[in-house]
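S.K.:
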Amino acid sequence: YILTVSMPLDCKEEPGSLTRCPSISQEKLLDRVIHHAELIYRVSEESCSLFEEMFIPLPLRLQSNQAGFACITKTLPIPSSKSEIEQISDKWLLHSVLMLVQSWIEPLVYLQTTLDRYDNAPEMLVNKTKWVSEKLVSLEQGVVALIKKMLDEGTFTTTYNEQGLFQYDTLPDMLESVMRDYTLLSCFKKDAHKMETFLKLLKCRQADKYNCA
Amino acid sequence: MMTKVGEVLLLLLLPAFVPHTDGTRYSLPGKPTEIKCRSPEKETFTCWWKPGSDGGLPTTYALYYRKEGSDVVHECPDYHTAGKNSCFFNKNDTVIWVSYNITVVATNALGKTYSDPVDIDVVYIVKPHPPEKLEVTVMKDQGWPFLRVSWEPPRKADTRSGWITLIYELRVKLEEEESEWENHVAGQQKMFNIFSLRSGGTYLIQVRCKPDHGFWSEWSSTSYVKVPECKTSKKCLFSGKSDEVFSALVVSDFPPTTSNYEDLLVEYLEVYVPEQQELMVDEGKDHDGCLKSIGSASDSDSGRGSCDSDNLLMDKSGAAKEEQQQQNQEGDQIGTETQGPKEAWEKETMLCANEDVVSPDASSKKVKTWPSVFSPVTPYSPSPLDPHNSLEMHKQNCLSDTQFPPGSPSSDHCIKKALQSSYWEVCFNNNQPYPQTDVHQQLQAHSDRNISAINDGNVPSNLLLPTRMTEYVEVQRLNEENKVLLHPIPSGHSREKACSWVGHRDNYSKVKGVNSDNVLLLQRDVVEEESMEMAGAAESCYTSSIAINTPKPTTCSHIALPVQEERVLAVSGYVDTATMFSLDT
């Protein structure tokens, strides 16, 4: 079970009070992390759609059930089926999220640079990708803080940022290159959704351990 | 080298001077206080502090912080960006996951003094910049002008992604000395409509925003907008200022609302018999007000304007009325240009008096009028037209809101509210303070006017109501002869219960119009829409639904009575609707 680190005072909700807010409660922190993950997922979904509309011809568009096999994170030891998820401990839920987040930081940086190679990547797409990339870094910090608070584990940085996960060599074929980028975006969208889901599951468990799905 | 030694010597000597009687005391610096931190967009933040005394010596300040859960002390990364005595944390240094514990240290030659530490949670200190690109345009809805205000979130606030959620508030006021701001909360929307404008007035508008947990921004820069003047016989909305009820059937020179307003909104409708009939819905305030009836000379229209005009009233005393109206509109609460109540009274008198003409004349020809609901009367001057006009006795106060204390001796209240324009209230004047109970009796007793309608279902041609009392009358139906039957509202429907009226719509009919025979047509439907921009005036029930009815499509041959209700900006808690009618011939 989760160890709750008890802190003396909780921050008062009212905005005017600049005062005595020595720490952010675990619950509040989890809410913020969830909110963060939600935003990331939403923007990643928008980015993926934008990219798809602009650059992917209809027949090549991935359906939601496809491309699972092509995702870079498929080798990560994170739960994928419902039953697995139900059995996983809170601690591993959190760590899974962290793994996912850390795995995507580099590829997203790559995506930003790769979009430059497109002739007419819409500015919105570029901005969104940049936004997501920045927020992901921020999310990592949040998850780390959460782990520290919930699990009382010490800080550790990019433990899971394995270099091997993502190799990017410029592919000579334009279409292949585009497809790879498309796959990246789709996979990220899925993983972002996973992050959000795990976190929400975690929150649910805080409230009612046995009734969450 | 020498200077250095000199400095050292000086420093060593300083303490010796401390207790010196030359008056200069050197001491440790005062404690820095009032540390305040703000973030404009939840991505960066700045802290400012107030230096204490410097102890007579050059003092420097430093800010140190710790992040929650860590013992590492960091120093402020940037003392310059935000100005003197400040520390700026950029994106990289700002996190929302942990709180910051901040201390400011003042140092001078004698030592250091620490401020009290302060804990900061960035999410709770967000104070955005004001909204931008405030635009105000005058638009028209069926001929009635209204203001459409729109704006954008402050540039730096990332509302698009949902990082910050902002709510907005705007405020409006007339460019006049004594007018006050009226605030409206716009929620998350970035657009807002303001109705009930004063024609020709100039309005100031500002908007500000606030995140869900955080502080209000400063007000944006002011936008000015001038509402065009209404010209006669054009569709135009005249309304008093926001806190005045609008009245309607009028045209620019429609008259009168009393100039003596208090916080009460009054509305009443008067209908005149034939030639001199005019449909009038008026508003006045307060018991002192005399709403007028315009009984002026009739024009060939008989009070019915052209299809498109709102010329309900025949205004003979055009100029006077207009003036008066102006006065009224700029009624006490807002007005500065009023000519003075006295004059208004006089004018009102004239107008009021006119009403009398109607009643006696009202012959049974056609029905015609709507009971002259309010016989506005001014106590100040006798009506030239009707010497024994009982009108003079009463001031009619029409209260449109429920706040009017029942049975208040001060008034003859005439409460009338065509809230949803789905019903008419007929108001009677009271000679004396009258508890509004036995309308029936009053009606019957009334002799001055032949408002008989009510009890016997026999509407006499002259439907003018007795000026004796104030009461509500509900229109029951049109009888075969197309006469308006008035039915007194049971005393249960006292003023205080105005709120309950809201649900009684089905009992009321909307005045549909006056046909070519000068018959008042009533229609039973109720149209209601919620006006989104309703200001929340808690006290008044009328706020609960204010509708803007789009007039039904009408042709000239068909009497259409476009009834429009204007929402009046709530002021002292009132929101009222004005009903406007225009008669088509």
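Chains as they are written, first to last, in our numbering: chain S, 12 to 224; chain B, 60 to 644.
All residues carry an ideal CB built from backbone N, CA and C; glycine is no exception.
Please read these numbers as outputs of a predicted model, since none were measured by experiment.
1. According to DSSP, is Trp222 (chain B) helix, strand or coil?
2. Whole angstroms is fine: what's the gap from Ser282 (chain B)'s alpha carbon to Lys215 (chain B)'s?
3. By the three-class DSSP mapping on this structure, what secondary structure does His546 (chain B) have?
4. Whole angstroms is fine: what's the gap from Thr196 (chain B)'s alpha carbon to Ile158 (chain S)'s?
5. Closest by CA to Pro213 (chain B), which one among B:Lys249, B:Gly114, B:Lys95?
6. Mind listing, in chain order, the continuous beta strand (DSSP E) runs of no fewer than 3 residues lying wholly within the stretch 177-236 of chain B?
7. Straight-line CA distance for Pro91 (chain B) to Asp152 (chain B)?
8. Starting from Ile155 (chain B), find everything on chain S with Cβ-Cβ shorter than 7 Å and list it in chain order.
9. Verify the CB distance criterion: does Val143 (chain S) have a CB-CB separation below 7 Å to chain B?
10. Going along the chain, which residues of its own chain have a beta-carbon closer than 8 Å to the beta-carbon of Val148 (chain S), five neighbours each way excluded?
11. Applying the 10 Å Cβ sphere with the 16-neighbour rule, what's the burial state of Leu210 (chain S)?
12. Just verifying my parser: in three-state terms, what is the DSSP assignment at Lys211 (chain S)?
13. Would the beta-carbon of Ser174 (chain B) fall within 7 Å of that of Thr162 (chain B)?
14. By Cβ distance below 8 Å, which residues in the same chain neighbour Ile184 (chain B) in space, the five residues on each side in sequence not counted?
15. How should Ala221 (chain S) be labelled, buried or exposed, when 16 other C-beta atoms within 10 angstroms of its C-beta is the threshold for buried?
16. Around the Cβ of Met373 (chain B), are there at least 16 other Cβ atoms within 10 angstroms (buried) or fewer (exposed)?
17. For Gly115 (chain B) and Tyr85 (chain B), which I take to be in contact (beta-carbon distance under 8 Å), what is that distance rounded to the nearest angstrom?
18. Just checking: is the beta-carbon of Glu228 (chain B) within a distance shorter than 7 Å of some beta-carbon in chain S?
19. Does DSSP put Leu122 (chain B) in a helix, in a strand, or in coil?
20. Excluding sequence positions up to five away, which residues of its chain have a Cβ less than 7 Å from the Cβ of Glu288 (chain B)?
21. According to DSSP, which residues form a beta bridge with Thr172 (chain B)?
22. Going by DSSP, what residues sit across from Thr92 (chain B) in a beta bridge?
23. Find the nearest neighbour of Val199 (chain B) within the set B:Phe254, B:Ile226, B:Asp178, judged by alpha-carbon distance.
24. If you measure beta-carbon to beta-carbon, which residues of the stretch 196-219 of chain S are closer than 9 Å to chain B?
25. Consult DSSP for Ala203 (chain S) and reduce its assignment to one of helix, strand or coil.
26. I want to verify the contact list: residues of chain B whose CB lies under 7 Å from the CB of Gln152 (chain S), in sequence order.
27. Please report the straight-line C-alpha distance between Ser145 (chain B) and Lys285 (chain B), rounded to a whole angstrom.
28. Alpha carbon to alpha carbon, how far is Trp203 (chain B) from Ala557 (chain B)? Give it in angstroms, no decimals.
29. Buried or exposed: where does Gln37 (chain S) fall if 16 or more other Cβ atoms within 10 Å of its Cβ makes it buried?
30. Just to confirm the assignment, what range does the beta strand (DSSP E) spanning Thr261 (chain B) have?
31. Looking at the C-beta of Ser276 (chain B), does it have a partner C-beta in chain S at a distance below 7 Å?
32. Shorter than 7 Å from the beta carbon of Ser220 (chain B) to some beta carbon of chain S?
33. Among B:Arg219, B:Pro190, B:Glu211, B:His243, which has the Cα closest to the Cα of Ser279 (chain B)?
34. So Lys171 (chain B) and Val164 (chain B) are supposed to be a Cβ contact under 8 Å. How far apart are they, rounded?
35. Less than 7 Å between CB atoms is the rule here; does Val120 (chain S) satisfy it with respect to chain B?
36. Would the stretch 89-99 of chain S count as touching the stretch 126-139 of chain S if we require 3 or more Cβ pairs under 8 Å?
M.R.: Reading from the atomic positions:
1. coil
2. 21 Å
3. A caution first: His546 (chain B) carries a pLDDT of 48, below 50, which makes its placement in the model too unreliable to give a value.
4. 53 Å
5. B:Lys249
6. 177-179, 191-200, 203-211, 225-233
7. 23 Å
8. Arg43
9. no
10. Ile116
11. buried
12. helix
13. yes
14. Cys96, Arg97, Ser98, Phe104, Gly273, Phe274
15. Position check: residue 221 (chain S) holds Tyr in this sequence, whereas Ala was assumed. It counts as exposed.
16. In this prediction, Met373 (chain B) has a pLDDT of 39, which is less than 50 and means its spatial position is unreliable; nothing more can be read from the coordinates.
17. 4 Å
18. no
19. strand
20. Ser258, Gly259
21. B:Ala165
22. B:Lys109
23. Before going on, a small fix: residue 199 (chain B) reads as Lys here, not Val. Selected option, being the one with the closest Cα: B:Phe254.
24. none
25. helix
26. Val154, Trp156
27. 42 Å
28. Any reading at Ala557 (chain B) needs caution, since the residue's pLDDT is 37, under 50, leaving its predicted position unreliable; the model's value is listed next. Each residue's Cα considered, the two are about 27 Å apart.
29. buried
30. 261-270
31. no
32. yes
33. B:Pro190
34. 5 Å
35. no
36. no
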